[in-house]
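For reference, the structure discussed in these notes is given below.
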Amino acid sequence: GWSGLTTIAAITSERTNKKTGEITGDTRYYITSLAADPKALMAAVRAHWSIENNLHWQLDVTFKEDENRTRKDHAALNFSIIRRTVLNMLKKDKTKMSLKRKRFKALINSEFREKILKC
Numbered sequence: 015g016w017s018g019l020t021t022i023a024a025i026t027s028e029r030t031n032k033k034t035g036e037i038t039g040d041t042r043y044y045i046t047s048l049a050a051d052p053k054a055l056m057a058a059v060r061a062h063w064s065i066e067n068n069l070h071w072q073l074d075v076t077f078k079e080d081e082n083r084t085r086k087d088h089a090a091l092n093f094s095i096i097r098r099t100v101l102n103m104l105k106k107d108k109t110k111m112s113l114k115r116k117r118f119k120a121l122i123n124s125e126f127r128e129k130i131l132k133c
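Residue numbering for the sequence shown follows this note's numbering, beginning at 15 and increasing consecutively.
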């Protein structure tokens, strides 16, 4: 069932906590159809985690997505789509403030909300 699989890779990473100086690490395993080229594999892994971390961080900071416990039927997927749509609308607006503040301002200011909805 894994046709095209050419490489299995193990990548070990380290992180340093800037506040405490503590170093932690882990090893992640990947299966891929990419050639066994370490530079290409690292570039692909970095690109994937960069996108994943940035999007997840923005959704968590702006919408507290990690605290959401919606589970019934299709509600979790529906709310996820709504959050991503609103995040994109907030990003399109060029007002100089954080996404979290833009979201709050749209809540309390109907004119700003209309401006965001037109983006």
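Cβ atoms here follow ideal geometry from the backbone N, Cα and C, with glycine treated the same way.
Inter-residue Cα distance where the pair is residue i and residue j
| i | j | result |
| --- | --- | --- |
| Leu44 | Pro52 | Here the sequence assigns Tyr to residue 44, which means Leu is not the residue at that position. The alpha-carbon atoms of Tyr44 and Pro52 are separated by roughly 12 angstroms. |
| Ala62 | Ser27 | Checking the sequence, you will find His at residue 62 rather than Ala. Answer to the nearest angstrom: the Cα atoms are 15 angstroms apart. |
| Arg60 | Gly39 | 16 angstroms |
| Arg127 | Glu36 | 43 angstroms |
| Ala89 | Ser17 | 35 angstroms |
| Asp107 | Ile65 | 21 angstroms |
| Ala49 | Ala57 | 13 angstroms |
| Lys132 | Asn82 | 27 angstroms |
| Thr109 | Asp87 | 36 angstroms |
| Gly15 | Asn67 | 29 angstroms |
Given residue i as reference, the closest of the options once Cα atoms are compared
| i | options | result |
| --- | --- | --- |
| Arg42 | Arg115, Val75 and Ala24 | Ala24 |
| Leu73 | Lys33, Met103, Asp87 and Thr46 | Met103 |
| Glu79 | Ile22, Arg97, Leu121 and Cys133 | Arg97 |
| Lys105 | Ala50, Ser94 and Ile130 | Ile130 |
| Thr21 | Leu55, Thr34 and Glu36 | Leu55 |
| Trp71 | Ser17, Leu101 and Arg29 | Leu101 |
| Leu121 | Phe77, Asp87, Asn67 and Thr30 | Phe77 |
Residue i and residue j closer than 8 angstroms at C-beta
| i | j | result |
| --- | --- | --- |
| Leu19 | Ser47 | yes |
| Lys119 | Val75 | no |
| Phe93 | Thr84 | yes |
Which ranges would you report for the beta strand (DSSP E) in the segment 16-73 if only whole runs of at least 3 residues count?
21-30 and 37-46
Let me know the alpha helix (DSSP H) ranges lying completely inside the segment 65-124, each 4 residues or longer, listed in chain order.
89-106 and 113-122
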